[in-house]
Structure formats: C-alpha cells, structure tokens
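Going line by line, the protein sequences match chains F and G.
Everything in the first sequence is counted per our numbering, starting at 31 for the first residue and increasing by one.
Everything in the second sequence is counted per our numbering, starting at 31 for the first residue and increasing by one.
Protein chains: 2
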Amino acid sequence: MPAVFEQQEYKKRVQATKQAMQKQGIDLLVISQPANMNYLIGYDGWSFYVHQVVLVSLDQDEPMWLGRGMDANGARLTTNLSEDNIREYADDYVQSLVKHPMHFVADVIKEKGWGSKKIGVEMDQFYFTHRNYVELEKSLPQATFKDANALVNWVRVVKSEAEITFLKRAGKIAERVMQTAVDTIDVGVRECDAAAAIAYAQYAGTDEFAGDYPSIVPLMMAGEAASTPHLTWTEKKYQKDEAVLLELAGVYRHYHSPIARTIFLGKNPPALMQETADVVMDGLAKTLDFVKPGVTAEQVEETWRKAIAHSKVVKESRLGYSIGVNYPPDWGEQTISLRPGDKTVIQEDMALHLIPGIWYKDVGFEVDATIRVTATGNESLFDYPIQLFLK
Amino acid sequence: MPAVFEQQEYKKRVQATKQAMQKQGIDLLVISQPANMNYLIGYDGWSFYVHQVVLVSLDQDEPMWLGRGMDANGARLTTNLSEDNIREYADDYVQSLVKHPMHFVADVIKEKGWGSKKIGVEMDQFYFTHRNYVELEKSLPQATFKDANALVNWVRVVKSEAEITFLKRAGKIAERVMQTAVDTIDVGVRECDAAAAIAYAQYAGTDEFAGDYPSIVPLMMAGEAASTPHLTWTEKKYQKDEAVLLELAGVYRHYHSPIARTIFLGKNPPALMQETADVVMDGLAKTLDFVKPGVTAEQVEETWRKAIAHSKVVKESRLGYSIGVNYPPDWGEQTISLRPGDKTVIQEDMALHLIPGIWYKDVGFEVDATIRVTATGNESLFDYPIQLFLK
C-alpha cells in the first residue's frame, strides 16, 4: 500500500513546488491544506481535524510529514517517505490549553537548522488557524514569514497524464451518481433516501474503481430550498411539481468530477424555469465552444455573459473554477475563478468546473460542465445528457 | 422550514453565551466555527468552504449572520433571524486576491458602532484562518482582540432536553449503521461496497428520522491499515483472517452518536487481539461504572488506566471527549478530553464518547461507549453488543 502515484510523479511535483518557492523567495514551506499534503507526498487519511503539516525545504530532497502519533502509521502506509522524514507528536499536544502542535513543528524546524529561514505558510487556508501562525512566530523568532497561501494550489493547476486518468475515472463515477439521482428522486420519496442512494453510488464507484468521499456532500435543494445552493436533505418527501437542484460529484482517490443537474417532478415546469434552463444550456454550449488553450479565465466568463445578454438571466457569482484533487470542505482548487479580473491563461490539461447555477426567489436551475482542456479545445469528463429532467 | 429547535432554546443559548462573554470581558463575538454558528442561530448549509460568521453583541438581542450572497436564502430558511440581521457579501469577495470577506465583516461591525469594542475571535478553530485575523485587525484599528477559541464550545457542553432527544435519535441510527457494517463486511466484499452500504444507512436514518452526514466519513481500517485509525476504503476485497476496525456514527441533524467496533474475518483471531479485546472491554465496563456527576474528566481516565494496569495494554492517547452537534472535519466538541490534567467536573446531561482504540504495529482493536450522563450515572445512546465480532 504505497503512495498511489509513481514516485517520479511526486518528485516532479516537489520540484515544481521548489521552483515556485525560489521565485517567491521562500526557503521552507509549511503546508497544512490536506489536498496540498496529498499532492506533494500522497498522504491520505481523515486526520486533518488535528494539526498536521508537510514541510518542503529547498535544501532537502524529500518533504517531511509531521502529525499526531496515531497517524504516523497512516503516513508510513500512504507515502513513500523515509522513516526520518515522518515525525510524530505526542497525544497531549491535541487540543491542549498549554501545548500546541506548532511547538512541535517549530522544534523540528530548529533541529533541521531551518529556524532562521524565510518560511512560507498558507495564511488563508482552512486548517491553518490564526493560532498556528501565532505559535510558529513565537517559537521561531529568527524566521521571516511569508504568505504562500495558494502556492501549491497553483502548482496543481495543470494536471499530469496520471491525474487526468484519475479525473476521467471520477467522471465515470459521476455518470452513475447522477443517473442514480435521476432514477431515485420522485414524488413521495424521502429526500434522505435519495441522498442515501446517491452516497451509495459515490462510495461504491464502478465495478473497476472504488469511489471516494466527495469534498462536499450531496447538495440537493427541493421546493422552497431551491432558492439557495448549499442545503442538504431532510425526512421531507418530494412533492409533485417541485424542482430539485442537484450538485453532486464522482470522486476517485480524491480527484473530483462534479456534476449538477435539475429535475422537475412534473410535466409542466414554471415558464421561468424552462426559459432559464434554455438560456443557460445555450449559453453554456456557446461558452464551451470558446474554451481552449490561450484564452483567459475572464474571457471565458465574458463569452458566457454575452451569450445570455439577450435574456433576463443574470449570474452574479463566478461562472466556475479549477478542480482536481481535494478534501472537505471544498472541491474547488482556489486558483482559477471564471470571472471578470481573472487573467489566467487557460492551458492544456487544466480541469474546470463551469457551474452556471441560477437561484431566484422562488425557483432555481443548475446544470454544469466539467472539462479537461485539450490541445485545441476541451472534452467533458463524463457523458451525461444536458437537459432539464422532467419526471 | 424554520430553525429546528424552539426559539426559546436559541434564546437560552445566546443568553448563556453572553454570560460567558461578560465573564471573559468580551463585548462582541465573531464566530466562524460551523457547529457554533448552528448552535447559536440554527444556521445550516454546506457553505463553510467560504468565510461566514455569526456576530453576538452584548448590546443587541439577536445575533447576526454574515455570509456569501447566494447563501443568504439559506440563512432565511434555516434561522429565525430578522431580515436586518442577515447580511450578504458580493461574490467578488470569494477567494479574491484584493478583497477579503473580513473587510465586509469589519464594515458591518463599524456600521453597528462596535468598531472599538473588545472582540472575541476563535483563534484556533479551523475556518478562522490567520488571514481572517490579519484583515479584521487591519480594518478595525480601534478594536481590542481576545481569544474566544472554545467559548461557545463550552456553552454547548451540557445538553438541553431537546438536544438529548436528538442525540438519542442519532443513537438509533448508529445501531442501524453498525449492524449494516457487521452484515455487509465479509471475505471477498470490496471495502468500497461496504463503505457504500454504511453511508446509505447513515443518510437514510430510520423510518421516522432522516440521517445526516457525519463530520467524519466511515473510518474502516482493514488488514495492515488496522495499525492506524484514520484511513478510509479502497477497491481491495476483504481477506480471510483480516481484522476490520470500524469507527462510524449515526447522525441526526448534525448531532452525533459515534459507534466503534472491530470485526475479525475468521474464527481464530490472533491471541494478542483477543487478549487486547478482553482487557479493553473489561476496562471500559469498569470505567462506565465510575462515570457520574461530580467526578472529573481525569478521574475517568485514571479509572480506565488502573483497570487495564494488570495487562500489557497501553493507551497513550486520550480516552475520549465530549460530543454533540458538529460539522466536518471533527465530531469532537473540543471541550472535555478524558486524560490526565483535565479537571472538568462531569455534570448531568453531558455527552461523552469513550473510544479506547488500540493500534499496535500489526494489529488493532476498537470499541466504544457513547453516553449521556444521568443524575446518578450514565446511559448509552444506543443498544448494541460490546464484543469482538467473529465472522
């Protein structure tokens, strides 16, 4: 049970990270975002509810994993790190009022002779709390701290061939997940039973590939809840003529292929919903025609905005974002946002989630495209009908 | 679809929070931990992957919800807050390099005349990043900041009658979840298919009550992975004579009843596993006999340690912790830890998870007790056999 990718793949990732560090004048990187930890060394495990970090230093080949004692065997099982680069802290550091895991991290940094280096930390990532910063700064008075908030996230933005294989497996799972939702959701069915069937499909995956837990649980807004995007489920039964907005995902080893569709439980959706659906699906198709290497993120959004300008549909939030490997609470990569001002140039082997969700006061509509950018355009990670589903 | 508890319940919670604020010299509380937000106003939704807060001010009756525009309808649907106390920021604050949601929070704080108050923030909670602190401090130069890290968590520690009802429903779901695991896991079954069946049971709940997503996905370590506690599942098939360590939960509206058991896929478990199981189950029973109002957290752990002192079993990590309402990534409350040094006096209507998990190099064993403290002792939240399951 070694790390899931070839060792060469991790080496390349660490190399690219070190190049980014050099550009930004950073000697040592302290990484606490779980997806970045996984990306750099393969580390996996639901242990991110306690403090843990990966260290990347310019003067050492291999990164280091530092975490709670009981998780060190997890690091041995899921990474290829040598024993000296797996360091565990005692359990009395956990949620203590006296000790803090960052004291342990600082001790290792000093032991390695890195105590007066320029240290990059992820200042706006969940899992890097304010206290983490305070304790590190106090324990390393000779160090200079720099914000390396999305440094590794940006290294992740262009996917390797192996990652694209994983994303396509996630796409295959996404097809099954959405089909399960469309098959299960119906008048009289409890929301929670539909959620259960969806989760089953997410975890079981395909006959060949295990599914994985998504970074966001099934979002499935029905009835009045369809006016907002982030609610889950209750014991309520679906009603006739109710709309159900679904934002789901297929996941393979933490690589995500989100998939969003809308079901209307009746034959005659409200005129506003049908109009919105038509405008959005047409606008999305025109936008996808435009996405290819060389265009910018804001141009993609502009294409969308122009394509729907003839209608009453307004999308105030960003059109989409970059995806890849992730852990709760978000499957967005926190790099590219498809919105005005984002001048990132789209490149081959980026992966994007375009999610033109529209939530009015009384009705909403969601559909999406999850794509890999190819040499000349883009391809969907899954093969699933783009339509408003009537049942 | 109003908040799930009676309005009176929320009023009491806010009142108790304000008392704690007064004791600690805090005028205004900025809460970003999702469970604390839910506890104070009922707010629900998987929107915690962007910055959002609840404000509690000594000089205002009602708390305020501040979050992303698209989630404001979620706040309207899941809380009883008046419209003026729901404030939404524009989407270009999301993951921007220029704007930050804490600028918006600071603007509201200034508008309300709270800009020079003593402000409590949750300095070591995930979801309160270092950048949150930096931006708040910069935007509110007249304010004094104090650490209110677990202030609301400690208000949560004694449960109301309504909360105990929820915890018992979670316990009912936990019984089904573990039974599903015991029924499903067997030689030749893929780990991911067992995980899928478990998730189905978690989300579907009972015929009466919807299940909810747990704050930690099914942890199910098999074979060599049984040497560590926080791994999930793969496409691997269970093997004969393999141990499977399960740490699961039943959840009702974010209230958790964790449940942990161990299955051995054979008739003859290794001697070390059977011995460990016997010692741990006996020690746990003796510890439960001891837990009642008036004893301290460290005395509970001491009772456990003495009960297993005659054996070779050593448990280096804490024996357990307080539970209740929670959101990913942790179902622990971050208040009571059953370990040396924690002098918290156990009170009626606290809820505790005792999880004496033992992980050796080659073999592990897990079992647990999830209890509510009664007037004279304690009661289990679920009715499920305590044993090493042989299949």
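Backbone N, C-alpha and C define an ideal beta-carbon position, used for all residues, glycine too.
- Taking a C-beta distance under 9 Å as the contact criterion, F/Glu378 and F/Val185 do not qualify as a contact pair.
- With a cut-off of 8 Å on Cβ pairs, the region 279-286 of chain G is in contact with the region 236-254 of chain G, counting three or more such pairs.
- According to the DSSP assignment, G/Ile56 belongs to no beta strand (DSSP E), since it is labelled neither H nor E.
- The DSSP-derived three-state label of F/Trp334 is helix.
- In this model, G/Pro93 and G/Ile71 are separated by some 7 Å (Cα to Cα).
- Fewer than three beta-carbon pairs drawn from the region 359-367 of chain G and the region 397-410 of chain G are found closer than 8 Å, and the two stretches are therefore not classed as touching.
- With respect to chain F, the C-beta atom of G/Gln364 has a partner C-beta closer than 9 Å.
- Taking C-alpha positions only, F/Lys148 is separated from F/Val84 by approximately 16 Å.
- Residue pairing from DSSP places G/Ala273 in a beta bridge opposite G/Phe294.
- Nearest to F/Leu261 by C-alpha distance, out of F/Lys270, F/Leu295 and F/Glu221, is F/Glu221.
- For G/Tyr119, the uninterrupted beta strand (DSSP E) segment begins and ends at Ile116 to Tyr119.
- Buried is the label assigned to F/Ala211, since at least 16 other Cβ atoms lie within 10 Å of its Cβ.
- Using a Cβ distance threshold of 9 Å, F/Leu58 and F/Thr47 do not count as a contacting pair.
- Contacts with chain F at 9 Å (Cβ-Cβ) do not include G/Ala315.
- Within the region 129-210 of chain G, the complete alpha helix (DSSP H) segments of 4 residues or longer fall at 131-141, 160-169 and 181-185, listed in chain order.
- With contacts defined by Cβ atoms closer than 9 Å, F/Val309 and F/Thr317 do not form a contacting pair.
- For G/Thr400, there is no enclosing alpha helix (DSSP H); the residue is found in the beta strand (DSSP E) stretching over Ala399 to Val403.
- Assignment of G/Pro288 by DSSP, reduced to helix, strand and coil, places it in the strand class.
- Neighbours of F/Ser352 in chain G, taken as residues at a C-beta separation under 7 Å, are lacking, since the least C-beta distance is about 11 Å.
- Interface annotation, G/Glu221: in contact with chain F, CB-CB separation under 9 Å.
- Per DSSP, reduced to three states, the secondary structure at G/Thr374 is coil, with no helix or strand assignment.
- F/Thr317 has no beta-bridge partner at all, per DSSP.
- Not flagged as an interface residue toward chain F: G/Gly55, since no C-beta distance is shorter than 9 Å.
- For F/Arg106, the enclosing alpha helix (DSSP H) has its first and last residue at Ala102 to Thr108.
- Taking 9 Å as the threshold, the shortest C-beta distance from F/Val182 to chain G does not fall below it.
- Separation of F/Gly324 and F/Ile376 (C-alpha to C-alpha, rounded to the nearest whole angstrom) is 6 Å.
- Looking from the CA of F/Asn179, the closest CA among F/Ser169, F/Lys202, F/Gly150 and F/Glu165 belongs to F/Gly150.
- Taking every protein chain shown into account, the CB of F/Asp413 has fewer than 16 other CB atoms within 10 angstroms, so this residue is exposed.
- Among the residues of chain G, those whose CB is under 9 Å from the CB of F/Ala226 are Ala229, Tyr230, Ala231, Gln232, Tyr233, Ala234, Gly235 and Gly241, following chain order.
- In the three-state scheme derived from DSSP, where H, G and I count as helix and E and B as strand, F/Met67 is classed as helix.
- Counting only the Cα atoms, F/Lys391 lies some 13 Å from G/Gly99.
- Going by DSSP, G/Tyr351 is part of no alpha helix (DSSP H) but of the beta strand (DSSP E) stretching over Gly350 to Ile353.
- F/Ala50 does not reach chain G, its nearest Cβ partner there being about 16 Å away, counting only Cβ pairs nearer than 9 Å.
- For F/Asp177 and G/Gly296, the gap between their C-alpha atoms comes out near 53 Å.
- Just measuring C-alpha positions, the residue of G/Ser77, G/Val80, G/Thr109 and G/Pro64 sitting nearest G/Lys41 is G/Thr109.
- For F/Pro259, the nearest beta carbon of chain G is closer than 9 Å to its own beta carbon.
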